[in-house]
Amino acid sequence: MGSRTLKEQMVYEPIIGRWLPWDCISRRRSTALWIRPLCQMTSGGTKRYETIGHVTFTKLEGSMFITGKFKQDSAGKQQKMPHFCLFLTTNIIDADFYRGYLLTGMVERGNRKLGIWESTHYAYVKREGY
Numbered sequence: 000m001g002s003r004t005l006k007e008q009m010v011y012e013p014i015i016g017r018w019l020p021w022d023c024i025s026r027r028r029s030t031a032l033w034i035r036p037l038c039q040m041t042s043g044g045t046k047r048y049e050t051i052g053h054v055t056f057t058k059l060e061g062s063m064f065i066t067g068k069f070k071q072d073s074a075g076k077q078q079k080m081p082h083f084c085l086f087l088t089t090n091i092i093d094a095d096f097y098r099g100y101l102l103t104g105m106v107e108r109g110n111r112k113l114g115i116w117e118s119t120h121y122a123y124v125k126r127e128g129y
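Dropping the structure here:
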């Protein structure tokens, strides 16, 4: 599936993605959900923040980035770098295809204290009917 087909599908069909906590990270992370028309991102945990992600399609066939930051976070207002970066691609393995996944990827969240990105969640979007 190319980027053009992916863009057309996002216009007409609601695509719901899910973030699963990454298995190799021992400390607790929040789960989140993004929904297609506004790319609504929700950060869970004790406090809930929602924001609108910015979707960027790459020149690679069927790949996209979703980046953003949470405005309600006081530290996020001071920094201009995004809080999260979600990379999704249609290049999936056969096992993921048979599970019904349309897009798969990784979510990276910024660590303000260390100034680095860390992978926190495995993200996927299921095909319609699964």
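In this text, residue positions in the sequence shown follow numbering that gives the first Met the number 0: the first is 0, and each later residue adds one.
We put the CB at the ideal spot given by N, CA and C, even for glycine.
For residue i, which three-state DSSP category applies?
| i | result |
| --- | --- |
| residue 123 | strand |
| residue 129 | coil |
| residue 112 | coil |
| residue 117 | strand |
| residue 88 | strand |
| residue 58 | coil |
With the cut-off set at 8 angstroms, would you say residue i and residue j are in Cβ contact?
| i | j | result |
| --- | --- | --- |
| residue 62 | residue 85 | no |
| residue 83 | residue 67 | yes |
With a threshold of 6 angstroms on Cβ separation, who are the neighbours of residue i within its own chain once the five nearest residues in sequence on each side are excluded?
| i | result |
| --- | --- |
| residue 126 | 99 and 101 |
| residue 65 | 38, 52, 54 and 85 |
Provide the residue(s) that pair with residue i in DSSP beta bridges, ordered along the chain.
| i | result |
| --- | --- |
| residue 53 | 66 |
| residue 96 | Per DSSP, none; premise fails for residue 96. |
| residue 104 | 87 and 122 |
Leaving out the 5 sequence neighbours to the left and right, which residues in its chain are closer than 7 angstroms to residue i when beta-carbon positions are compared?
| i | result |
| --- | --- |
| residue 117 | 107, 108 and 110 |
| residue 91 | 100 and 103 |
| residue 95 | 103 |
Take residue i and list the residues in its own chain whose beta-carbon comes closer than 8 angstroms to its own, dropping the five residues that flank it on each side.
| i | result |
| --- | --- |
| residue 128 | 99 |
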